[in-house]
Amino acid sequence: MDAKDLHHGHSEHHSGAVITDHVHYQDTEGVIRFEADHGHHDSDRNKKNFIHTYIFSTDHKMIGKQFLITGIIWAIIGGGLSNIFRMQLGFPDVPLHFIGNIFGDKWAPGGKMTPDFYNMLITMHGTILVFFVLTAGLSGTFANLLIPLQIGARDMASPVLNMLSYWFFFLAGAVMFTSFFMPSGAAGVSWVFYPPLSAIREAAVGSETGADLWLVSMALFIVSSLLGGLNYITTILNLRTKGMSMSKLPLTIWALLITAILGLLSFPVLLGAAILLIFDRSMGTSFYLDKIYMSGIGAMPHEGGNPILYQHLFWFLGHPEVYIVILPAFGIVSEVLAVNSRKPIFGYRAMILSMLAIAALAFFVWAHHMFVTGLNPFVGSVFVFLTLLIAIPSAIKVFNWITTIWKANIRYTPAMMFSVGFVSLFISGGLTGIFLGNSSIDIQLHDTYFIVAHFHIVMGVAAFFGMFAGVYHWFPKMYGRFMNRTIGFIHFWVTFVGSYCIFWPMHYQGMAGVPRRYYSHGAFESFNKFGALSEFITIAAIVVFLAQLLFVFNFLYSMYRGKKVTELNPWKSNTIEWTTPIHPGHGNWDGPLPEVHRGPYDYGKDGEDFIPQTVPMRPGETTHHG
Amino acid sequence: MIAAMAMTEENKKQAGAQRFGLYLGLATIAMLFTALTSAYIVRMGAGNWLFVKMPLQFWISTATIISSSVTFYYAKAAHRSGDVSKYRMLVWLTFVLGIAFISFQYMGWLAIAKTGIYIDGNPGGSFIYVISMVHVVHVMLGLVLLSIVAIRTSINSYNPDHIHKIGLMATYWHFVDFLWIYLFIFFQIKFF
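Printed below as a string of structure tokens:
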């Protein structure tokens, strides 16, 4: 009786697990029971049926792809919505009959969209892109794909919870999608969902059923994020392979770890805020509502609540959320820059410490979103100070990225281009962050296009660039093929130049006081002079959107027709995901798990181009990371 | 077969990871209640606050959930010493006490309502209802998990995996117990 048979006997007798030929993968609690030295995972996996392999998969790599493809679909929807409302801002008189065809005639009588529809578009654009694309699509994809592969684990700590994480995300998306087709439309009270607009059903068209579904969807999404984050942290801290100490982890993993910790501490607070909001909406409580008189209805029964309380709770999540969005991009970019510069990342420890500093500060700066709420000026000045402190670790990161590529023998790949583009965007958007962090300037610029320009550049486009860099770089690991380089470069240049064309002019509009979230600026003489600029922005937005369709084409085409990967380590990278087979099975490594002996950034060391992490240290060799 | 019973190195690693994951899960629950209770304090500081006196039913429910932790503690000990029939009795007693806790909470809400404080009145009352309801949801989740664990582990043989599962369950159960004790004391503090 060999060890495997004993294992079968154990499962059968005591935990009632279903006995199949792959019982050693997991029992009913999702506990993986791999046997390190069995080399036939692959053949077992291939016998599984379609549903187990592609739909309800517990393989972290497949779940990562599910997150990515769902994220791409949401990005097309969310980006498409922005193009529709940009049409209203740039070309208010051009009739858009397709709106009526898709969403119903009442939203666009005669092809002209209504203000309610506009509100719905901006709300859903923000919600979809912040949560579904840049949270789930970015950290969901790369945490799932990279954590087990780069730390040397066979799968996540709990593959079943991992699968549930995706399916809660999917459900959240399904509910959100359905809300578009409700008679009162989707939520239209902006993605920040401030009461009283969001708390009173009768307040606006966008506060009706759509807002209920938005809350349900967000609750599901929070569950998904928490399940995912819990798994990522547990896996990174407990299932690293032999030799993979925390100081040998690639920066991608550090970034994903810190992201998950932020999510775990901040999403429950959003859940708390949402619970109170649901009670206000449905049970008549007054957590966020004070005496309100509504025309046509009269005095509302609420009394004694405070809408600012919601803002505190929301931004306690909301600010860490922007780092949840950007940190995975930090990690991906650090890795891609080092690999393609053939140089160690400059200041490995400084990179980790700066991410930790950013994460810690993230919890003490939320009120900088609330300078105009009547905040006590002293409290405001404390938040200004703490906010400006973030410039220090951010500057350290930027300095280190630039120093990494300084005098490097750069290998130009689309992933590398997007990483360099990321650094550019992070600088541009970060600098305006210093403006906005000062309450005295923020009070002027609050709720103008300056804010829109700032956060789109620094967390919207920049995080997208991190995501693109990751997809181009790890596509060979995902599908065993390369993405097309030429299309990749076209995609990069159009997106890079186009994004600046969209958001740079918005700074000027914002400084002139053009308010955001307005359906039309036509009624204001002082804003009318920006009509031509708005047209330009709209055209740039459409061009950039079309360039993303090029990316989607490249993605799908390369999946089936791309150049095949012929060597294990096409990028000549040090990290251990490239020691797996070209098409890794469930369990990742056919033989025993690799053993790690050195840090991930030994590029150009002692005259050698690269030394993978699995290569033992030579006698007398010293580690070098700063 | 003895060899199969002992936990392998890989399983031990998994068990450790699960326990760690549970702690993280508890941290998220703690954050949720931190958010709710800090909202409570902030709102109380704004004035116009209705202070709710804890009804007798909540005192009884507190005693009930504490005793359920005690029974589960002894259930775990009984399982460890191999006394499965005693374990079975105690674990189901814990389950019944859990149900009793929820019932007393429900009666407590009715008692508060009887004094004229409804969920849709002054936030001072609404907070008590909402926070204790969110807590009860976590107790309900605990009861579902407890029944699964109880059914799975009431088998008359030694199994390290069962000890591990009961240990995890105990941690969760004691956590929601302490959470209620915290909330119960918290509700009786006048911060301002």
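Protein sequences appear in the order of chains A and B.
Under the working numbering, the first residue of the first sequence carries the number 554, and numbering increases by one thereafter.
Under the working numbering, the first residue of the second sequence carries the number 774, and numbering increases by one thereafter.
Glycine included, each C-beta is placed from N, C-alpha and C at the ideal position.
Please read all numbers here as calculations on a predicted model, not as lab measurements.
### Message
Let's test the definition: count the other Cβ atoms within 10 Å of the Cβ of E782(B) and tell me whether it reaches 16, buried, or not, exposed.
### Response
Locating residue 782(B) in the second sequence gives position 9, where the first residue counts as 1. Result: exposed.
### Message
With a threshold of 7 Å on Cβ separation, who are the neighbours of L674(A) within its own chain once the five nearest residues in sequence on each side are excluded?
### Response
By one-based count along the first sequence, residue 674(A) stands at place 121. Around L674(A), the same chain offers L634, I637 and F638 as residues with beta carbons nearer than 7 Å, after the five sequence neighbours per side are excluded.
### Task
Examine chain A for any beta-carbon lying closer than 8 Å to the beta-carbon of G789(B), and answer yes or no.
Start at 1 with the first residue of the second sequence, and residue 789(B) comes out as number 16. At least one chain A Cβ lies under 8 Å of G789(B).
### Task
Note down, in chain order, each residue of its chain lying with its Cβ closer than 8 Å to the Cβ of L863(B), except the 5 sequence neighbours on either side.
Residue mapping note: residue 863(B) aligns to position 90 of the second sequence, counting from 1. Cβ within range, chain order: T844, F845, Y847, A848 and A851.
### Query
Going by beta carbon distance, what residues of the same chain come within less than 8 Å of S768(B), once the five residues before and after it are set aside?
Residue 768(B) cannot be examined here, being either before or after the span of chain B that is shown, 774 to 965.
### Query
Out of curiosity, what's the CA-to-CA distance linking Q1166(A) and R792(B)?
Here residue 1166(A) refers to the residue found at position 613 when the first sequence is read from its first residue. Here residue 792(B) refers to the residue found at position 19 when the second sequence is read from its first residue. Between Q1166(A) and R792(B), the C-alpha separation is close to 30 Å.
### Query
Since V758(A) contacts D669(A) with CB under 8 Å, what's their CB separation in whole angstroms?
Position 205 of the first sequence holds residue 758(A). Position 116 of the first sequence holds residue 669(A). Yes, V758(A) and D669(A) are in contact; Cβ-Cβ is about 4 Å, under 8 Å.
### Task
Spell out a yes or no on whether the segment 1083-1095 of chain A and the segment 1047-1057 of chain A are touching, meaning 3 or more CB-CB pairs, one atom from each, closer than 8 Å.
Segments in contact, yes.
### Query
Name the chain B residues that come within less than 7 Å of V822(A), Cβ to Cβ?
Locating residue 822(A) in the first sequence gives position 269, counting from the first residue. Going along chain B in sequence order, the residues near V822(A) (Cβ under 7 Å) are M804 and A808.
### Query
Would a check of beta-carbon distances place I892(B) closer than 8 Å to chain A?
By 1-based counting over the second sequence, the position of residue 892(B) is 119. Under the Cβ criterion of 8 Å, I892(B) is counted among the residues facing chain A.
### Query
Residue ranges of each alpha helix (DSSP H) run of no fewer than 4 residues wholly in the segment 595-664 of chain A, ordered along the chain?
613-643 and 650-656, all fully within the segment 595-664 of chain A.
### Query
Is the distance from the Cβ of P732(A) to the Cβ of G690(A) below 8 Å?
As a position in the first sequence, residue 732(A) is number 179, starting the count at 1. As a position in the first sequence, residue 690(A) is number 137, starting the count at 1. Per the sequence shown, the amino acid found at residue 732(A) is Ser instead of Pro. Contact: no.
### Unbroken alpha helix (DSSP H) run spanning D1162(A), endpoints
One-based indexing of the first sequence puts residue 1162(A) at position 609. Counting along the chain, D1162(A) falls outside any alpha helix (DSSP H), though it belongs to the beta strand (DSSP E) covering E1161 to F1163.
### Query
Mind checking V910(B): buried by the 16 CB within 10 Å criterion, or exposed?
Mapped onto the second sequence, residue 910(B) falls at position 137. When all chains shown are included, V910(B) counts as exposed.
### Query
Hey, is S568(A)'s beta-carbon within less than 8 Å of any beta-carbon in chain B?
As a first step, residue 568(A) must be located in the first sequence, where it is residue number 15. With a pLDDT of 37 at S568(A), under the threshold of 50, the modelled position of that residue is not reliable, and the figure given next carries that caveat. With 8 Å as the cut-off, S568(A) counts as an interface residue toward chain B.
### Query
Within 10 angstroms of its Cβ, does S778(A) collect 16 or more other Cβ (buried), or is it exposed?
Reading the first sequence from its first residue, position 225 is the one you call residue 778(A). It is buried - the Cβ of S778(A) has at least 16 other Cβ atoms within 10 Å.
### Query
Relative to the C-alpha of N654(A), which residue among P645(A), N715(A), A961(A) and M666(A) is closest?
Residue mapping note: residue 654(A) aligns to position 101 of the first sequence, counting from 1. Taking only the C-alpha atoms, the option nearest N654(A) is M666(A).
### Message
Is the separation between the beta-carbon of F1049(A) and that of G974(A) shorter than 8 Å?
### Response
Looking up residue 1049(A) in the first sequence gives position 496. Looking up residue 974(A) in the first sequence gives position 421. Inclusion of F1049(A) and G974(A) in the CB contact set at 8 Å is warranted, their separation being smaller than that value.
### Message
Looking at F620(A): is its Cβ nearer than 8 Å to the Cβ of G738(A)?
### Response
Here residue 620(A) refers to the residue found at position 67 of the first sequence. Here residue 738(A) refers to the residue found at position 185 of the first sequence. For F620(A) and G738(A), no; Cβs fall outside 8 Å.
### Task
Within its chain, find whatever has a CB closer than 6 Å to the CB of L766(A); leave out the 5 residues flanking it on each side and keep chain order.
Here residue 766(A) refers to the residue found at position 213 when the first sequence is read from its first residue. The beta carbon of L766(A) sits closer than 6 Å to the beta carbons of V728 and S732 from its chain, once the five residues preceding and following it are set aside; these are given in chain order.
### Query
Can you list, in chain order, the residues of the segment 825-855 of chain A whose Cβ is nearer than 8 Å to any Cβ on chain B?
So the list reads G825, A826, I828, L829, F832, M836, G837, T838, S839, F840 and P854, given in the order they occur along the chain.
### Query
Between which two residues does the beta strand (DSSP E) containing Y1156(A) stretch?
Indexing the first sequence from 1 puts residue 1156(A) at position 603. Residues Y1156 to K1158.
### Message
For a contact defined as C-beta to C-beta under 9 Å, what are the partners of R816(B) on chain A?
### Response
Start at 1 with the first residue of the second sequence, and residue 816(B) comes out as number 43. From the beta-carbon of R816(B), the residues of chain A found nearer than 9 Å are F840, G857, G858, N859 and L862.
### Message
Strictly below 9 Å CB to CB, what residues from chain A border V903(B)?
### Response
Residue mapping note: residue 903(B) aligns to position 130 of the second sequence, counting from 1. Chain A residues near V903(B): I828, L829, F832, M836, T838 and F840.
### Query
Of the choices G1173(A), T1132(A) and S1126(A), whose alpha-carbon is the least far from that of D1155(A)?
Within the first sequence, residue 1155(A) is the residue found at index 602, counting from 1. Comparing Cα-Cα distances from D1155(A) to each of G1173(A), T1132(A) and S1126(A), the minimum goes to S1126(A).
### Task
Provide the residue(s) that pair with M847(A) in DSSP beta bridges, ordered along the chain.
Working through the first sequence from its first residue, we reach residue 847(A) at position 294. DSSP output for M847(A) lists G851(A) as bridge partner(s).
### Query
Which of the three DSSP states, helix, strand or coil, is assigned to T1119(A)?
Start at 1 with the first residue of the first sequence, and residue 1119(A) comes out as number 566. Of the three classes helix, strand and coil, the one that applies to T1119(A) here is coil, per DSSP.
### K896(A) classed as buried or exposed, judged by whether at least 16 other C-beta atoms fall within 10 angstroms
Locating residue 896(A) in the first sequence gives position 343, where the first residue counts as 1. Counting every other CB atom within 10 Å of its CB across the protein chains shown gives K896(A) a total of 16 or more, marking it as buried.
### Task
Using a Cβ-Cβ cut-off of less than 9 Å, give me the residues of the segment 790-805 of chain A that come near chain B, in sequence order.
Within the segment 790-805 of chain A, the qualifying residues are L790, N791 and L792.
#### Entry: Interface residues of chain A facing K786(B) [CB-CB closer than 8 Å]
Position 13 of the second sequence holds residue 786(B). Simply N791 and L792.
### Task
Tell me whether the beta-carbon of G1181(A) lies closer than 8 Å to the beta-carbon of N697(A).
Any answer about residue 1181(A) is impossible in this case: the structure gives chain A only from 554 up to 1179.
### Assigned secondary structure, T888(B) (DSSP; H/G/I helix, E/B strand, else coil)
Position 115 of the second sequence, counted from the start, is the residue given in the question as residue 888(B). In the three-state scheme derived from DSSP, where H, G and I count as helix and E and B as strand, T888(B) is classed as coil.
### Task
Kindly indicate which three-state DSSP category R902(A) falls into: helix, strand or coil?
Along the first sequence, read from residue 1 onward, the residue named residue 902(A) stands at position 349. For R902(A), the three-state secondary structure derived from DSSP is helix.
### Message
Starting from D1000(A), trace the alpha helix (DSSP H) in both directions and tell me its first and last residue.
### Response
One-based indexing of the first sequence puts residue 1000(A) at position 447. Premise fails: D1000(A) is in no alpha helix (DSSP H) and is neither H nor E.
### Query
Out of I630(A), R707(A), H1150(A) and G657(A), which has the shortest C-alpha to C-alpha gap to G679(A)?
If you number the first sequence from 1, residue 679(A) lands on position 126. Closest in alpha carbon position to G679(A), among I630(A), R707(A), H1150(A) and G657(A), is I630(A).
### Query
How long is the line joining the alpha carbons of L799(B) and T966(A), rounded to whole angstroms?
For this step, residue 799(B) is matched to residue 26 along the second sequence. For this step, residue 966(A) is matched to residue 413 along the first sequence. Looking at the two C-alpha atoms, the distance is approximately 44 Å.
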